[in-house]
Amino acid sequence: MTNKDKKRILTGVRPTGALHLGHYVGALENWTRLQEEYDCFFLIADYQAMGDHLDDIEGIRRSVYEVTLDWLSVGLDPGKSSFVIQSHVPEHAELAMLLSMVTPLGWLERNPTLKAERVRLESEGLSVGFYTYPVSQVADIALPKANLVPVGEDQVPHIEMTREVVRRFNRMFGQTFPEPDSLVGRVARLPGTDGEAKMSKSLGNVIYLSDEEEAVNQKVRSMYTDPNRTRADIPGRVEGNPVFAYHDAFNSDHDEVSDLKDRYTKGLVGDVEVKQKLANAINRFLDPIREKRTYYEGHPMVVKEALFEGTRKAKSVAEATMREVREKMGISYFVDES
Ligand code: TRP
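As structure tokens, this is what we get:
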């Protein structure tokens, strides 16, 4: 099957820092798997990042490269999929503007992801661009006519809004965009190393895909675990314990995991052993990723080429969609009608 016959995926991240284990199990793992079956567009959403990082364009620039290295390291393949820099396909901005006309203000106001972020950002003086980013995300997805959007759990409300906006567009101007489905990874929400509900850079409770072995060992050693277990012979709790959540997510030696859980609940194993085995498992998981990273770090032209080619392909797809959109909306004034 050639890419032309395949259904499409668009998904992406904001370039605001390196990717971590939560990104992997929540989304990236699905992306690597699905790129065999789908024609994939992986978007580096630098426009979107500017909504709340305008004072750090240098950081955005750096992250574009960092995210690309993370993607290549986990096995996203620019030979199969397109890596796209959002600001280099300005049709994203054009479609976002047109779809903002189609989106009632109330839909934005009740978007739960936006609501959660607004609390944080109102005190920082949030920009109009930030406020309307869910509409720009709708445009990101609609531009290549994506059928599926594999994302982390927090992004699902945006995909729901996408369905509503494209449905409204299609009703007003004729069938143009598919209504995309969302898909969340095998671990919807990986807790932070501190036991917080979510791994997040701003909380500083993150293990990065680019962490060295020693950093992993140190972070795992200081991980939050069952707080009631002050001695190794006290029976511990496995549920809600981030150390075991990580064992479940990353330790491929299932016998070892069930043995540890069994002894933990009986008070027959110390935290040191449980954590040591976890650190080893995470390092085993990261080793092939590290190996690929080392290769790409030594071949920066390959990385650049991946971005250049992917963006070029996305641009040509975007131009075709925009021609159709203008025609459907009746604003292609210079195209001969006969
Ligand atoms: N909002 C997403 C994030 O913060 C990034 C993103 C931008 C995205 N456009 C998208 C995700 C389109 C999926 C589809 O990670």
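Using my numbering, you'd call the opening residue of the sequence shown number 105 and step up by one each time. Just so it is clear, CB atoms sit at the ideal spot from N, CA and C, and this is done for glycine as well.
Residues of the same chain with a CB within less than 6 Å of the CB of Leu-218, apart from the 5 flanking positions on each side, are Pro-238 in chain order. A distance below 8 Å between beta-carbons, with the five flanking residues on each side excluded, links Asn-332 to the following residues of its chain, in chain order: Ile-338, Gly-340, Arg-341. Contact annotation: Thr-115 and Leu-147 have beta-carbon atoms nearer than 8 Å.
Those residues whose C-beta sits under 6 Å from the nearest heavy atom of the ligand TRP are, from N- to C-terminal order along the chain, Leu-114, Thr-115, Gly-116, Val-117, Arg-118, Leu-147, Ala-149, Gln-152, Gln-241, Asp-244, Ile-245, Val-253, Val-255, Gln-259. Under the three-state reduction of DSSP output, Gly-116 falls in the strand class.
Here DSSP, grouped into helix, strand and coil, assigns Val-193 to coil. Per DSSP, Val-255 lies in no beta strand (DSSP E) segment and is marked neither H nor E. Distance between Lys-396 and Asn-251, taken at the CA atoms: about 30 Å. With a minimum length of 4 residues, the unbroken runs of alpha helix (DSSP H) contained wholly in the segment 258-301 fall at 260-277. Inside the segment 114-194, DSSP marks whole beta strand (DSSP E) runs of 3 or more residues at positions 143-148, 186-189, from first to last along the chain. In the three-state scheme derived from DSSP, where H, G and I count as helix and E and B as strand, Tyr-312 is classed as strand. Counting the other Cβ atoms within 10 Å of the Cβ of Lys-379 gives 16 or more, which makes it buried. Under the DSSP assignment, Leu-411 falls in the alpha helix (DSSP H) whose first and last residues are 404-433.
Using a Cβ distance threshold of 8 Å, Val-178 and Ala-353 do not count as a contacting pair.
The C-beta of Asn-107 has fewer than 16 other C-beta atoms within 10 Å across all chains shown, which makes the residue exposed. For Glu-133, the CB contacts under 6 Å within the same chain, skipping 5 residues up- and downstream, are Gly-289 in chain order.
Taking 8 Å as the cut-off, the beta carbon of Pro-194 is found no closer than this to the beta carbon of Asp-150. If you look at Thr-398, you'll find it in the alpha helix (DSSP H) that goes 375-401.
Closest in C-alpha terms to Leu-287, from the list His-262, Val-310, Asn-309, comes His-262. Ranking Ser-191, Glu-423, Phe-348, Glu-268 by CA distance to the CA of Leu-209 puts Glu-268 first. Boundaries of the alpha helix (DSSP H) around Asp-244: 237-246. Each of Leu-230, Arg-367, Glu-221 was checked against the Cα of Asp-258, and the nearest Cα belongs to Glu-221. In the DSSP assignment, Val-324 falls within the alpha helix (DSSP H) that extends over 317-325. Taking all protein chains shown into account, Phe-281 has 16 or more neighbouring C-beta atoms within 10 Å of its C-beta and is therefore buried. Beyond the five residues adjoining it in sequence on each side, Ser-436 comes within less than 8 Å, by CB distance, of Arg-427, Arg-430 in the same chain, given in chain order.
In the structure shown, Val-342 adopts coil according to DSSP, grouped into three states. Less than 8 Å divides the Cβ of Val-310 from the Cβ of Gly-296. Scanning Asn-215, Arg-112, Gly-434, Ile-113 for the CA closest to the CA of Phe-277 turns up Gly-434.
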